[in-house]
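With positions in the sequence shown counted from 1, the corresponding number in the numbering used here is that position plus 24. Scroll down for the structure; my scribbles are underneath it.
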Amino acid sequence: MTTLPDAAPPRGLTWRLTGRTPEDVRTEADALPDRPTPGALVGGSGRGVRVCVVDSGVDAAHPLVGGLTGAHVVRKDEDGTIRIEEPAADDPGDLCGHGTACAGIIRRVAPDCELHSVRVLGERFTGTGDVLLEGLRWAIRQGFDVINLSLSTTRSRFFEDLHVLADEAYFGRSTIVASAHNTHVESFPWRFSSVVSVGSHPEAGDLHLYNPEPPVEFFGPGVDVEVAWLGGSTVRTSGNSFATPFVAGLCARILSERPRLTPFQLKHALYLSAANVHVGGAR
Numbered sequence: 025m026t027t028l029p030d031a032a033p034p035r036g037l038t039w040r041l042t043g044r045t046p047e048d049v050r051t052e053a054d055a056l057p058d059r060p061t062p063g064a065l066v067g068g069s070g071r072g073v074r075v076c077v078v079d080s081g082v083d084a085a086h087p088l089v090g091g092l093t094g095a096h097v098v099r100k101d102e103d104g105t106i107r108i109e110e111p112a113a114d115d116p117g118d119l120c121g122h123g124t125a126c127a128g129i130i131r132r133v134a135p136d137c138e139l140h141s142v143r144v145l146g147e148r149f150t151g152t153g154d155v156l157l158e159g160l161r162w163a164i165r166q167g168f169d170v171i172n173l174s175l176s177t178t179r180s181r182f183f184e185d186l187h188v189l190a191d192e193a194y195f196g197r198s199t200i201v202a203s204a205h206n207t208h209v210e211s212f213p214w215r216f217s218s219v220v221s222v223g224s225h226p227e228a229g230d231l232h233l234y235n236p237e238p239p240v241e242f243f244g245p246g247v248d249v250e251v252a253w254l255g256g257s258t259v260r261t262s263g264n265s266f267a268t269p270f271v272a273g274l275c276a277r278i279l280s281e282r283p284r285l286t287p288f289q290l291k292h293a294l295y296l297s298a299a300n301v302h303v304g305g306a307r
């Protein structure tokens, strides 16, 4: 059994980009003969790419979401049985707004992607680790190309199961895009190298950054962003949760032009197109 270290994670540029600019994290890359300019690898629209939002559900009628191809709910009965089913006709879709916010960002970034929802959170962001595991497992085994997970758990008892699922997704060519915790604590699955981990940056505009000081690998816009919310409304909010679907949308755009990319290659494409990665002289 894997035991987690008791030591606090090291300080530094890790969870999110605060008080620093892209120039502060400027990264020199080896020159490549076919290296594109930043942003050149994200020119697709998401067409043909299946994206699943594992969250609090999604309000498919929200104008910024533009409909869903499929929706499922993970339920836990009183006897502990966990089942996955399609929502009832009168189901509200989203119980707290978080999933709708993520779906709206993905739709804006990759407007032609095929968007799905799996609800693992209830009202007031309530949920359990076993329900999250079951929802994530179901999404992986459905073969979604990109899985947005703007959630994490600090409970170490779920470490092993989440690690196995993250590896299953990685080798099965499903890319999990996972949000780092908003505070400086250890949580999972974003800490696993088999997922695309995301923190937030405060820069204006649609750009993503590579983090030369992991464990977070990439930063997306996540400070004072306008997002879809319940009742067809919008709110302004901040958090790594909202940077994550931006990067998930970029993944969908890249895959719509290069559908055979593996998760490993997709990470490399995100790296090459990051705004702070600059090419140095060839060695």
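Just so you know, even glycine gets a beta-carbon here, dropped at the ideal spot from N, CA and C.
Secondary structure of residue i, DSSP reduced to three states
i      : result
GLU192 : helix
THR261 : strand
SER255 : Per the sequence shown, residue 255 should be read as Gly rather than Ser. Reduced to three states, the DSSP call for GLY255 is helix.
GLU110 : coil
THR148 : Sequence inspection shows Arg at residue 148; the Thr mentioned does not correspond to that position. The answer is helix: DSSP assigns ARG148 an H, G or I state.
ARG161 : helix
THR51  : strand
SER69  : coil
VAL89  : coil
ARG44  : coil
LEU56  : Only weak support is given to the placement of LEU56: the predicted model assigns it a pLDDT of 48, under 50, and the question is left unresolved by the model.
VAL301 : strand
Terminal residues of the beta strand (DSSP E) in which residue i lies
i      : result
ASP83  : That residue, ASP83, is in no beta strand (DSSP E); it is neither H nor E in DSSP.
SER141 : 138-143
ALA95  : 94-100
Pick from the options that is closest to residue i, judged by C-alpha positions
i      : options                        : result
ARG181 : ASP154, GLY159, HIS205, ILE164 : ASP154
GLY90  : LEU290, ILE129, PHE266         : ILE129
LEU279 : CYS137, LEU296, THR124, GLU110 : CYS137
HIS122 : LEU285, PRO283, CYS275, GLY255 : GLY255
VAL247 : PHE212, ASN206, SER221         : ASN206
VAL249 : GLU237, ALA267, TYR234, ALA127 : ALA267
ALA228 : ALA112, ALA299, ARG99, VAL209  : ALA299
ILE108 : ARG40, PRO238, GLY159, PRO46   : GLY159
THR124 : THR177, ARG143, TYR234, ALA252 : ALA252
VAL133 : GLY67, ALA193, PHE168          : GLY67
CYS120 : GLY146, SER218, PRO111, ARG44  : GLY146
Range covered by the alpha helix (DSSP H) that runs through residue i
i      : result
ARG131 : 122-133
PRO283 : Careful: PRO283 lies outside any alpha helix (DSSP H) and carries neither H nor E.
PHE288 : 287-296
Going along the chain, which unbroken runs of the alpha helix (DSSP H) with 4 or more residues stay wholly within the region 174-246? The qualifying runs are 183-195.
Tell me, please, whether the region 280-295 touches the region 138-156 by the rule of three or more beta-carbon pairs shorter than 8 Å. no
Taking 8 Å as the cut-off, does the region 165-172 touch the region 264-275 (at least 3 CB pairs, one atom from each stretch)? yes
Indicate whether the contact test is met: 3 or more Cβ pairs, each with one atom in the region 196-205 and one in the region 97-106, closer than 8 Å. no
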